[in-house]
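Here's the structure we're looking at; comments come further down.
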Amino acid sequence: MGEILAGYDLQPTTWVYIASLMIVGIFFKFSRVLSVRNLDLLALLAIAPGMLLVAAGRGLLAPLVAPDPTSGREQLGFWWLFLMTGFFSVRLVLDTLMVRRPLLTPNLSTGGLTFTLAALLVFLSANVLTGKVRPGFEPEPSAAACTALAALLSDAPADQPEDPRRQAWREAAVRGAAVAVQLLIVAGLIVLGARHYDNVQTGVAAAAWYVLMPYTAEATACLDHFLPGLLLLWAVVCYRRPAAAGALLAVAAGLIWYPLLLLPLWCAFYARRGLLRFLGGALAALGAMALILALAADHPAQWLHHWRQMFGFGVLAPQQCRGFWEHHDLVFRLPAMVALVAVAISMGLWPAQKNLAALLSCTAALAAGAQFVHPYDGGLYLGWYLPLLIAVVLRPNLEDRVAETTVRDVKPPKWLERLIARQSRKTPAAPSGGGAIDPASGDAAGKMAAAPTAPHPAPSAPEPPAAANQ
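The end of the sequence shown is residue 1055 by my numbering, with every number in the run present.
Right, here's the structure in full:
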(Lines of atoms letter the chains of each structure in order from A and count residues from 1; the text may use other names and numbers.)
(Lines give C-alpha, C1' and ligand atoms only; values in the text may rest on other atoms or scores of the structure.)
Protein backbone atom coordinates (compact mmCIF):
# COMPACT_ATOMS: atom_id res chain seq x y z
CA MET A 1 0.00 0.00 0.00
CA GLY A 2 3.03 2.30 0.20
CA GLU A 3 2.88 2.85 -3.58
CA ILE A 4 -0.69 4.19 -3.32
CA LEU A 5 -0.75 5.83 0.12
CA ALA A 6 2.51 7.63 0.85
CA GLY A 7 3.95 6.73 4.23
CA TYR A 8 1.47 3.92 4.88
CA ASP A 9 3.08 1.60 7.42
CA LEU A 10 0.89 0.10 10.12
CA GLN A 11 2.65 -1.94 12.80
CA PRO A 12 0.86 -4.95 14.36
CA THR A 13 0.71 -3.37 17.80
CA THR A 14 -0.79 -0.17 16.39
CA TRP A 15 -3.46 -2.13 14.53
CA VAL A 16 -4.33 -4.04 17.71
CA TYR A 17 -5.11 -0.77 19.51
CA ILE A 18 -7.07 0.73 16.60
CA ALA A 19 -9.05 -2.44 15.85
CA SER A 20 -9.89 -2.98 19.52
CA LEU A 21 -11.28 0.54 19.86
CA MET A 22 -13.31 0.13 16.66
CA ILE A 23 -14.77 -3.20 17.82
CA VAL A 24 -15.76 -1.70 21.17
CA GLY A 25 -17.31 1.34 19.53
CA ILE A 26 -19.34 -0.71 17.02
CA PHE A 27 -20.40 -3.81 18.97
CA PHE A 28 -20.24 -3.01 22.70
CA LYS A 29 -23.75 -2.54 24.15
CA PHE A 30 -23.41 0.48 26.42
CA SER A 31 -27.10 0.26 27.34
CA ARG A 32 -26.61 -3.31 28.69
CA VAL A 33 -23.15 -3.39 30.18
CA LEU A 34 -23.75 -6.63 32.10
CA SER A 35 -24.58 -8.88 29.16
CA VAL A 36 -23.13 -12.02 27.62
CA ARG A 37 -22.49 -10.12 24.39
CA ASN A 38 -20.12 -7.71 26.12
CA LEU A 39 -18.37 -10.58 27.90
CA ASP A 40 -17.80 -12.35 24.58
CA LEU A 41 -16.51 -9.13 23.03
CA LEU A 42 -13.97 -8.55 25.80
CA ALA A 43 -12.87 -12.19 25.63
CA LEU A 44 -12.28 -11.93 21.88
CA LEU A 45 -10.21 -8.80 22.40
CA ALA A 46 -8.20 -10.60 25.09
CA ILE A 47 -6.72 -12.89 22.43
CA ALA A 48 -4.50 -10.09 21.12
CA PRO A 49 -2.03 -9.95 24.08
CA GLY A 50 -1.18 -13.63 23.61
CA MET A 51 -0.53 -13.10 19.91
CA LEU A 52 1.69 -10.10 20.59
CA LEU A 53 3.70 -12.06 23.15
CA VAL A 54 4.27 -14.88 20.66
CA ALA A 55 5.24 -12.38 17.97
CA ALA A 56 7.62 -10.59 20.33
CA GLY A 57 9.25 -13.86 21.37
CA ARG A 58 9.88 -14.74 17.72
CA GLY A 59 11.21 -11.30 16.84
CA LEU A 60 8.28 -10.35 14.61
CA LEU A 61 7.90 -6.96 16.29
CA ALA A 62 11.47 -5.85 15.65
CA PRO A 63 12.73 -3.15 15.79
CA LEU A 64 10.00 -2.27 18.28
CA VAL A 65 10.89 -5.21 20.51
CA ALA A 66 14.23 -6.98 20.24
CA PRO A 67 13.96 -10.78 20.03
CA ASP A 68 15.13 -12.63 23.11
CA PRO A 69 14.53 -16.41 23.05
CA THR A 70 15.42 -16.71 26.73
CA SER A 71 12.85 -14.16 27.90
CA GLY A 72 9.98 -16.66 27.83
CA ARG A 73 7.64 -14.29 26.00
CA GLU A 74 6.69 -16.89 23.42
CA GLN A 75 5.81 -19.51 26.03
CA LEU A 76 3.87 -16.96 28.06
CA GLY A 77 1.97 -16.05 24.91
CA PHE A 78 1.04 -19.69 24.25
CA TRP A 79 -0.08 -20.12 27.85
CA TRP A 80 -2.30 -17.08 27.41
CA LEU A 81 -3.71 -18.42 24.13
CA PHE A 82 -4.43 -21.79 25.75
CA LEU A 83 -6.23 -20.04 28.61
CA MET A 84 -8.46 -18.10 26.21
CA THR A 85 -9.05 -21.20 24.07
CA GLY A 86 -10.20 -23.11 27.15
CA PHE A 87 -12.58 -20.30 28.04
CA PHE A 88 -14.08 -20.30 24.54
CA SER A 89 -14.41 -24.10 24.54
CA VAL A 90 -16.48 -24.04 27.74
CA ARG A 91 -18.44 -21.02 26.54
CA LEU A 92 -19.36 -22.74 23.27
CA VAL A 93 -20.43 -25.97 24.97
CA LEU A 94 -22.68 -24.03 27.35
CA ASP A 95 -24.13 -21.94 24.53
CA THR A 96 -26.81 -24.58 23.89
CA LEU A 97 -28.26 -23.83 27.34
CA MET A 98 -28.78 -20.15 26.56
CA VAL A 99 -32.36 -20.08 25.30
CA ARG A 100 -33.05 -16.34 25.49
CA ARG A 101 -31.25 -14.59 22.65
CA PRO A 102 -32.32 -10.94 22.50
CA LEU A 103 -31.55 -9.07 19.29
CA LEU A 104 -28.71 -6.67 20.10
CA THR A 105 -28.05 -4.67 16.97
CA PRO A 106 -24.64 -3.04 16.39
CA ASN A 107 -24.11 0.63 17.10
CA LEU A 108 -23.58 1.24 13.37
CA SER A 109 -26.13 1.03 10.59
CA THR A 110 -26.03 -1.61 7.87
CA GLY A 111 -24.67 0.92 5.38
CA GLY A 112 -21.86 1.93 7.72
CA LEU A 113 -20.99 -1.70 8.43
CA THR A 114 -20.91 -2.46 4.71
CA PHE A 115 -18.59 0.47 3.99
CA THR A 116 -16.28 -0.51 6.87
CA LEU A 117 -16.22 -4.12 5.68
CA ALA A 118 -15.44 -3.18 2.07
CA ALA A 119 -12.65 -0.77 3.06
CA LEU A 120 -11.01 -3.31 5.37
CA LEU A 121 -11.17 -6.01 2.70
CA VAL A 122 -9.41 -3.72 0.23
CA PHE A 123 -6.59 -3.00 2.67
CA LEU A 124 -6.19 -6.63 3.72
CA SER A 125 -6.16 -7.84 0.12
CA ALA A 126 -3.60 -5.21 -0.85
CA ASN A 127 -1.34 -6.21 2.03
CA VAL A 128 -1.46 -9.85 0.94
CA LEU A 129 -0.93 -9.20 -2.77
CA THR A 130 1.82 -6.60 -2.42
CA GLY A 131 3.41 -7.23 0.97
CA LYS A 132 5.39 -10.07 2.47
CA VAL A 133 4.05 -12.93 4.52
CA ARG A 134 5.13 -12.48 8.11
CA PRO A 135 7.62 -15.13 9.22
CA GLY A 136 6.41 -17.38 11.98
CA PHE A 137 2.87 -17.69 10.63
CA GLU A 138 3.52 -19.30 7.24
CA PRO A 139 3.78 -23.13 6.96
CA GLU A 140 7.24 -24.59 7.40
CA PRO A 141 8.65 -27.95 6.28
CA SER A 142 8.53 -29.15 9.87
CA ALA A 143 4.75 -28.87 9.80
CA ALA A 144 4.42 -31.10 6.74
CA ALA A 145 4.47 -34.21 8.90
CA CYS A 146 1.35 -33.07 10.75
CA THR A 147 -1.21 -32.33 8.05
CA ALA A 148 -1.67 -32.80 4.33
CA LEU A 149 -2.47 -29.10 3.91
CA ALA A 150 0.84 -28.02 5.42
CA ALA A 151 2.62 -30.52 3.17
CA LEU A 152 0.98 -28.97 0.12
CA LEU A 153 1.94 -25.45 1.23
CA SER A 154 5.49 -26.20 2.39
CA ASP A 155 8.48 -25.41 0.24
CA ALA A 156 10.34 -27.89 -1.90
CA PRO A 157 13.02 -30.06 -0.23
CA ALA A 158 16.48 -28.63 0.02
CA ASP A 159 18.01 -31.37 -2.16
CA GLN A 160 15.51 -30.59 -4.94
CA PRO A 161 15.48 -26.80 -5.36
CA GLU A 162 12.40 -25.42 -7.06
CA ASP A 163 12.63 -23.53 -10.32
CA PRO A 164 12.50 -19.75 -9.64
CA ARG A 165 9.79 -19.15 -12.23
CA ARG A 166 7.69 -21.97 -10.85
CA GLN A 167 8.25 -20.70 -7.31
CA ALA A 168 7.07 -17.22 -8.34
CA TRP A 169 3.91 -18.65 -9.90
CA ARG A 170 3.32 -20.77 -6.82
CA GLU A 171 3.70 -17.78 -4.49
CA ALA A 172 1.29 -15.73 -6.61
CA ALA A 173 -1.23 -18.59 -6.57
CA VAL A 174 -0.99 -18.88 -2.78
CA ARG A 175 -1.52 -15.14 -2.35
CA GLY A 176 -4.51 -15.16 -4.67
CA ALA A 177 -5.96 -18.18 -2.88
CA ALA A 178 -5.49 -16.44 0.48
CA VAL A 179 -7.50 -13.43 -0.71
CA ALA A 180 -10.19 -15.72 -2.13
CA VAL A 181 -10.45 -17.59 1.18
CA GLN A 182 -11.01 -14.36 3.10
CA LEU A 183 -13.66 -13.22 0.63
CA LEU A 184 -15.45 -16.57 0.89
CA ILE A 185 -15.42 -16.43 4.69
CA VAL A 186 -16.98 -12.96 4.57
CA ALA A 187 -19.56 -14.17 2.05
CA GLY A 188 -20.33 -17.21 4.22
CA LEU A 189 -21.02 -15.08 7.29
CA ILE A 190 -23.30 -12.77 5.31
CA VAL A 191 -25.22 -15.68 3.76
CA LEU A 192 -25.53 -17.34 7.16
CA GLY A 193 -27.09 -14.20 8.60
CA ALA A 194 -29.40 -13.59 5.64
CA ARG A 195 -30.67 -17.14 5.10
CA HIS A 196 -30.55 -18.81 8.51
CA TYR A 197 -30.68 -15.86 10.92
CA ASP A 198 -33.26 -13.98 8.79
CA ASN A 199 -31.30 -10.78 9.36
CA VAL A 200 -28.90 -9.35 6.79
CA GLN A 201 -27.54 -6.80 9.26
CA THR A 202 -26.43 -9.59 11.59
CA GLY A 203 -24.54 -11.27 8.75
CA VAL A 204 -22.80 -8.06 7.72
CA ALA A 205 -21.98 -7.33 11.38
CA ALA A 206 -20.43 -10.78 11.81
CA ALA A 207 -18.32 -10.30 8.68
CA ALA A 208 -17.16 -6.84 9.78
CA TRP A 209 -16.32 -8.12 13.27
CA TYR A 210 -14.30 -10.96 11.76
CA VAL A 211 -12.30 -8.66 9.46
CA LEU A 212 -11.65 -6.22 12.32
CA MET A 213 -10.05 -8.89 14.50
CA PRO A 214 -6.27 -8.32 14.84
CA TYR A 215 -5.64 -12.01 14.19
CA THR A 216 -7.28 -11.76 10.76
CA ALA A 217 -4.94 -8.95 9.72
CA GLU A 218 -1.88 -10.72 11.14
CA ALA A 219 -2.36 -14.13 9.50
CA THR A 220 -4.33 -13.20 6.38
CA ALA A 221 -1.94 -14.93 3.97
CA CYS A 222 -1.82 -18.24 5.86
CA LEU A 223 -4.06 -20.74 4.11
CA ASP A 224 -3.61 -23.44 6.74
CA HIS A 225 -5.02 -21.04 9.34
CA PHE A 226 -8.25 -20.22 7.51
CA LEU A 227 -9.08 -22.86 4.89
CA PRO A 228 -10.43 -25.50 7.36
CA GLY A 229 -12.56 -22.88 9.08
CA LEU A 230 -13.89 -21.74 5.70
CA LEU A 231 -15.01 -25.27 4.79
CA LEU A 232 -16.70 -25.79 8.15
CA LEU A 233 -18.47 -22.44 7.90
CA TRP A 234 -19.90 -23.29 4.50
CA ALA A 235 -20.84 -26.76 5.72
CA VAL A 236 -23.03 -25.05 8.33
CA VAL A 237 -24.41 -22.68 5.69
CA CYS A 238 -25.34 -25.68 3.50
CA TYR A 239 -26.80 -27.75 6.34
CA ARG A 240 -30.15 -28.01 4.52
CA ARG A 241 -28.37 -30.01 1.81
CA PRO A 242 -26.82 -33.01 3.60
CA ALA A 243 -24.78 -34.20 0.61
CA ALA A 244 -23.08 -30.81 0.18
CA ALA A 245 -22.46 -30.47 3.93
CA GLY A 246 -20.93 -33.96 4.07
CA ALA A 247 -18.68 -33.24 1.09
CA LEU A 248 -17.41 -29.98 2.61
CA LEU A 249 -16.78 -31.65 5.96
CA ALA A 250 -14.89 -34.49 4.27
CA VAL A 251 -12.71 -32.08 2.29
CA ALA A 252 -11.86 -30.27 5.52
CA ALA A 253 -11.01 -33.61 7.14
CA GLY A 254 -8.75 -34.41 4.20
CA LEU A 255 -6.79 -31.19 4.69
CA ILE A 256 -6.56 -31.25 8.49
CA TRP A 257 -7.30 -33.97 11.01
CA TYR A 258 -9.74 -32.44 13.51
CA PRO A 259 -12.94 -32.38 11.34
CA LEU A 260 -13.02 -36.18 11.69
CA LEU A 261 -14.05 -35.58 15.31
CA LEU A 262 -17.20 -33.84 14.06
CA LEU A 263 -18.70 -36.97 12.48
CA PRO A 264 -20.64 -38.14 15.61
CA LEU A 265 -22.19 -34.69 16.05
CA TRP A 266 -23.20 -34.25 12.43
CA CYS A 267 -24.45 -37.84 12.07
CA ALA A 268 -26.64 -37.33 15.14
CA PHE A 269 -27.99 -34.11 13.63
CA TYR A 270 -29.02 -35.91 10.43
CA ALA A 271 -30.13 -39.10 12.19
CA ARG A 272 -33.84 -38.54 11.54
CA ARG A 273 -33.49 -37.09 8.08
CA GLY A 274 -30.66 -36.89 5.57
CA LEU A 275 -28.13 -39.25 7.17
CA LEU A 276 -27.57 -41.40 4.08
CA ARG A 277 -27.13 -38.34 1.89
CA PHE A 278 -24.66 -36.84 4.38
CA LEU A 279 -22.57 -40.02 4.51
CA GLY A 280 -22.77 -40.42 0.74
CA GLY A 281 -21.44 -36.92 0.14
CA ALA A 282 -18.65 -37.42 2.69
CA LEU A 283 -17.56 -40.76 1.22
CA ALA A 284 -17.66 -39.38 -2.32
CA ALA A 285 -15.46 -36.42 -1.34
CA LEU A 286 -12.97 -38.62 0.50
CA GLY A 287 -12.81 -40.96 -2.49
CA ALA A 288 -12.16 -38.05 -4.84
CA MET A 289 -9.36 -36.74 -2.60
CA ALA A 290 -7.79 -40.20 -2.38
CA LEU A 291 -7.89 -40.46 -6.17
CA ILE A 292 -6.23 -37.05 -6.54
CA LEU A 293 -3.48 -38.09 -4.12
CA ALA A 294 -2.96 -41.33 -6.05
CA LEU A 295 -2.64 -39.48 -9.35
CA ALA A 296 -0.26 -36.89 -7.89
CA ALA A 297 2.00 -39.42 -6.13
CA ASP A 298 5.17 -40.61 -7.86
CA HIS A 299 5.15 -44.02 -6.18
CA PRO A 300 2.84 -46.01 -3.84
CA ALA A 301 4.92 -45.17 -0.76
CA GLN A 302 4.37 -41.46 -1.33
CA TRP A 303 0.62 -42.01 -1.78
CA LEU A 304 0.50 -43.95 1.49
CA HIS A 305 2.43 -41.18 3.22
CA HIS A 306 -0.05 -38.53 2.06
CA TRP A 307 -2.96 -40.81 3.00
CA ARG A 308 -1.62 -41.07 6.55
CA GLN A 309 -1.27 -37.29 6.67
CA MET A 310 -4.84 -36.84 5.48
CA PHE A 311 -6.18 -38.80 8.44
CA GLY A 312 -3.93 -37.14 11.01
CA PHE A 313 -1.48 -39.93 11.81
CA GLY A 314 1.30 -37.33 11.90
CA VAL A 315 -0.46 -35.63 14.81
CA LEU A 316 -0.44 -38.80 16.91
CA ALA A 317 3.34 -39.16 16.78
CA PRO A 318 4.83 -35.89 15.47
CA GLN A 319 8.48 -35.90 14.52
CA GLN A 320 8.91 -32.23 15.34
CA CYS A 321 6.83 -29.75 17.33
CA ARG A 322 6.67 -26.01 17.50
CA GLY A 323 5.14 -23.63 19.99
CA PHE A 324 3.78 -24.82 23.31
CA TRP A 325 4.63 -28.51 22.89
CA GLU A 326 8.16 -27.70 21.77
CA HIS A 327 9.12 -27.02 25.39
CA HIS A 328 6.89 -29.58 27.13
CA ASP A 329 6.83 -33.35 27.25
CA LEU A 330 4.50 -34.81 24.62
CA VAL A 331 3.23 -37.38 27.11
CA PHE A 332 0.95 -34.68 28.52
CA ARG A 333 -0.84 -34.54 25.16
CA LEU A 334 -2.31 -38.00 25.76
CA PRO A 335 -4.89 -36.95 28.42
CA ALA A 336 -5.87 -33.98 26.27
CA MET A 337 -6.37 -36.21 23.22
CA VAL A 338 -8.43 -38.74 25.21
CA ALA A 339 -10.60 -35.95 26.62
CA LEU A 340 -11.10 -34.43 23.17
CA VAL A 341 -12.16 -37.76 21.63
CA ALA A 342 -14.49 -38.45 24.57
CA VAL A 343 -16.16 -35.05 24.19
CA ALA A 344 -16.51 -35.58 20.43
CA ILE A 345 -18.24 -38.94 20.94
CA SER A 346 -20.47 -37.60 23.71
CA MET A 347 -21.72 -34.82 21.44
CA GLY A 348 -23.46 -37.49 19.43
CA LEU A 349 -25.71 -37.99 22.47
CA TRP A 350 -25.76 -34.54 24.08
CA PRO A 351 -27.49 -32.21 23.62
CA ALA A 352 -30.49 -34.43 22.97
CA GLN A 353 -32.17 -31.95 20.62
CA LYS A 354 -29.85 -31.38 17.70
CA ASN A 355 -30.80 -28.04 16.17
CA LEU A 356 -28.79 -25.55 14.16
CA ALA A 357 -27.68 -23.72 17.32
CA ALA A 358 -26.23 -26.92 18.82
CA LEU A 359 -24.60 -27.85 15.51
CA LEU A 360 -22.96 -24.44 15.21
CA SER A 361 -21.71 -24.10 18.78
CA CYS A 362 -20.53 -27.70 19.20
CA THR A 363 -18.66 -27.61 15.88
CA ALA A 364 -16.83 -24.48 17.01
CA ALA A 365 -16.16 -26.02 20.45
CA LEU A 366 -14.46 -29.10 18.97
CA ALA A 367 -12.43 -26.93 16.60
CA ALA A 368 -11.26 -24.87 19.58
CA GLY A 369 -10.49 -27.97 21.63
CA ALA A 370 -8.26 -29.30 18.86
CA GLN A 371 -5.82 -26.47 19.63
CA PHE A 372 -4.70 -28.23 22.81
CA VAL A 373 -3.40 -31.33 21.01
CA HIS A 374 -2.12 -29.84 17.76
CA PRO A 375 1.67 -30.21 17.94
CA TYR A 376 2.51 -27.35 15.58
CA ASP A 377 1.67 -23.91 17.02
CA GLY A 378 -1.37 -25.22 18.85
CA GLY A 379 -3.40 -22.30 20.16
CA LEU A 380 -2.33 -20.00 17.34
CA TYR A 381 -4.69 -21.44 14.70
CA LEU A 382 -7.63 -19.26 15.69
CA GLY A 383 -8.95 -19.27 12.14
CA TRP A 384 -10.17 -22.84 12.62
CA TYR A 385 -13.01 -21.65 14.84
CA LEU A 386 -13.04 -17.82 14.79
CA PRO A 387 -15.73 -17.40 12.06
CA LEU A 388 -17.99 -19.94 13.78
CA LEU A 389 -17.37 -18.33 17.18
CA ILE A 390 -18.45 -14.90 15.95
CA ALA A 391 -21.51 -16.48 14.32
CA VAL A 392 -22.41 -18.08 17.67
CA VAL A 393 -22.00 -14.79 19.54
CA LEU A 394 -24.41 -12.99 17.19
CA ARG A 395 -26.89 -15.79 16.55
CA PRO A 396 -30.62 -15.54 17.40
CA ASN A 397 -32.77 -18.33 18.83
CA LEU A 398 -32.48 -21.31 16.45
CA GLU A 399 -34.30 -24.02 18.39
CA ASP A 400 -36.81 -24.57 15.56
CA ARG A 401 -34.09 -25.28 12.95
CA VAL A 402 -33.96 -29.08 13.13
CA ALA A 403 -33.28 -31.58 10.37
CA GLU A 404 -36.83 -32.98 10.32
CA THR A 405 -38.31 -29.67 9.20
CA THR A 406 -35.48 -27.87 7.41
CA VAL A 407 -33.59 -30.50 5.41
CA ARG A 408 -34.84 -30.53 1.85
CA ASP A 409 -36.43 -33.58 0.27
CA VAL A 410 -34.73 -35.42 -2.54
CA LYS A 411 -36.32 -34.31 -5.80
CA PRO A 412 -35.40 -35.47 -9.31
CA PRO A 413 -33.90 -32.89 -11.64
CA LYS A 414 -36.26 -30.74 -13.63
CA TRP A 415 -35.17 -32.27 -16.94
CA LEU A 416 -36.04 -35.72 -15.58
CA GLU A 417 -39.43 -34.48 -14.37
CA ARG A 418 -40.17 -33.04 -17.83
CA LEU A 419 -39.13 -36.32 -19.48
CA ILE A 420 -41.41 -38.34 -17.21
CA ALA A 421 -44.30 -35.96 -17.85
CA ARG A 422 -43.75 -36.18 -21.62
CA GLN A 423 -43.71 -39.97 -21.56
CA SER A 424 -46.87 -40.09 -19.44
CA ARG A 425 -48.69 -37.91 -21.99
CA LYS A 426 -47.65 -40.21 -24.84
CA THR A 427 -48.86 -43.39 -23.07
CA PRO A 428 -52.64 -44.01 -23.70
CA ALA A 429 -54.73 -44.19 -20.60
CA ALA A 430 -56.52 -47.48 -19.77
CA PRO A 431 -60.32 -47.45 -20.37
CA SER A 432 -62.45 -47.10 -17.31
CA GLY A 433 -64.12 -50.33 -16.33
CA GLY A 434 -63.81 -53.27 -14.06
CA GLY A 435 -62.10 -55.74 -16.44
CA ALA A 436 -58.76 -56.03 -18.11
CA ILE A 437 -58.00 -55.31 -21.76
CA ASP A 438 -57.64 -58.33 -24.06
CA PRO A 439 -54.63 -57.58 -26.28
CA ALA A 440 -55.98 -59.80 -29.09
CA SER A 441 -59.45 -58.38 -29.45
CA GLY A 442 -59.02 -55.05 -27.79
CA ASP A 443 -62.30 -55.62 -25.92
CA ALA A 444 -62.66 -55.31 -22.23
CA ALA A 445 -62.86 -58.84 -20.82
CA GLY A 446 -64.79 -59.86 -17.80
CA LYS A 447 -67.18 -56.95 -17.87
CA MET A 448 -69.69 -57.05 -15.13
CA ALA A 449 -73.30 -56.70 -16.15
CA ALA A 450 -74.43 -53.25 -15.38
CA ALA A 451 -77.41 -53.25 -13.09
CA PRO A 452 -80.38 -51.29 -14.39
CA THR A 453 -80.67 -48.02 -12.72
CA ALA A 454 -83.87 -46.14 -12.08
CA PRO A 455 -84.33 -43.05 -14.20
CA HIS A 456 -83.66 -39.82 -12.48
CA PRO A 457 -86.86 -37.95 -11.64
CA ALA A 458 -87.54 -34.90 -13.73
CA PRO A 459 -86.80 -31.68 -11.98
CA SER A 460 -89.85 -30.13 -10.46
CA ALA A 461 -91.02 -26.76 -11.64
CA PRO A 462 -90.11 -23.89 -9.39
CA GLU A 463 -92.80 -22.83 -7.02
CA PRO A 464 -94.49 -19.54 -7.79
CA PRO A 465 -93.61 -16.75 -5.45
CA ALA A 466 -95.92 -16.23 -2.54
CA ALA A 467 -98.53 -13.58 -3.11
CA ALA A 468 -97.93 -10.40 -1.32
CA ASN A 469 -100.26 -9.62 1.54
CA GLN A 470 -102.82 -7.09 0.55
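Ideal Cβ positions, reconstructed from N, Cα and C, are used throughout, including at glycine.
Nothing here was measured: the structure is a model prediction, and the numbers come from that model.
The Cβ atoms of Val992 and Pro827 lie closer than 8 Å to each other. The C-alpha of Ala704 is placed about 15 Å away from the C-alpha of Val713. The continuous alpha helix (DSSP H) containing His890 extends over residues 885-895. Measuring C-alpha to C-alpha distances from Pro813 to each of Arg780, Asp985, Leu876, Gln767 identifies Gln767 as the nearest. With a cutoff of 8 Å on beta-carbon distance, Leu850 and Gly761 are scored as not near each other. With the rule of 3 Cβ pairs closer than 8 Å, the region 778-789 counts as touching the region 684-697.
Beta-bridge pairing by DSSP links Tyr961 to Arg907. Checking the DSSP bridge columns, you'll see Val987 partnered with Asn940. DSSP places Ile608 inside the alpha helix (DSSP H), whose first and last residues are 597-612. Nearest in C-alpha terms to Trp600, of all of Arg676, Arg780, Glu803, is Glu803.
A straight-line Cα-Cα distance of about 32 Å links Trp969 and His884.
Here Asp985 is exposed: its Cβ has fewer than 16 other Cβ atoms, across all protein chains shown, within 10 Å.
In the three-state DSSP reduction, Tyr795 falls in the helix class (H, G or I).
In this structure Ala942 is in contact with Arg980, their Cβ atoms being roughly 6 Å apart against a cut-off of 8 Å. In the three-state reduction of the DSSP assignment, Gly954 falls in the helix class.
Counting only the Cα atoms, Val978 lies some 18 Å from Pro799. Contact between Ala867 and Leu817 is absent: CB atoms are separated by about 13 Å, not below the 8 Å threshold. DSSP, reduced to helix, strand and coil, places Met874 within a helical segment of the structure shown.
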